[in-house]
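First the structure, in the form of structure tokens, and then the observations on it.
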Amino acid sequence: NDRVTYVHRIGRTGRLHRGKATSFINIAEQDPALIADVVQVVREVQQIPPDFLLDIANDHVRRADYEESQRSANDDFAGRCKGSWM
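First residue of the sequence shown: 16, per this note's numbering; consecutive thereafter.
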């Protein structure tokens, strides 16, 4: 799995010299769902994700929830209106 491999490799890099590992993320090109997955894996290995990753992941979740609620509302509206124009 790419997200698990990424977290493993970045952790190994950071521990190699007991320093810090740095990743660069271009959120204009990166899939926010992947970032949310990375945050999940970081938490699974009982590490604390950096705030900037949490912000991106939380924004993605809020946006996905909003889009789902809009689809649901549109489906409900279409269902209520079906046949009412006859």
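Think of the CB as a built atom: it goes at the ideal place given N, C-alpha and C, for glycine as much as any other residue.
Discussion item. Once DSSP output is grouped into helix, strand and coil, what is the label at Gln62?
Written reply: If DSSP states are grouped into helix, strand and coil, Gln62 belongs with coil.
Item to complete: Ignore the nearest five residues each way along the sequence and tell me which others in Ser87's own chain have a CB closer than 6 Å to its CB.
Response: So no residue of the chain qualifies.
Worksheet item: From Asp70 to Phe39, what does the alpha carbon distance come to, in whole angstroms?
Response: About 15 Å.
Worksheet item: Is the CB-CB distance between Ile50 and Ala72 below 8 Å?
Response: The answer is yes: Cβ separation under 8 Å.
Worksheet item: When you compare each of Val56, Val57, Gln55, Asp46 to Arg78 by their alpha carbons, which one comes out closest?
Response: If we check each option's Cα against that of Arg78, Asp46 comes out closest.
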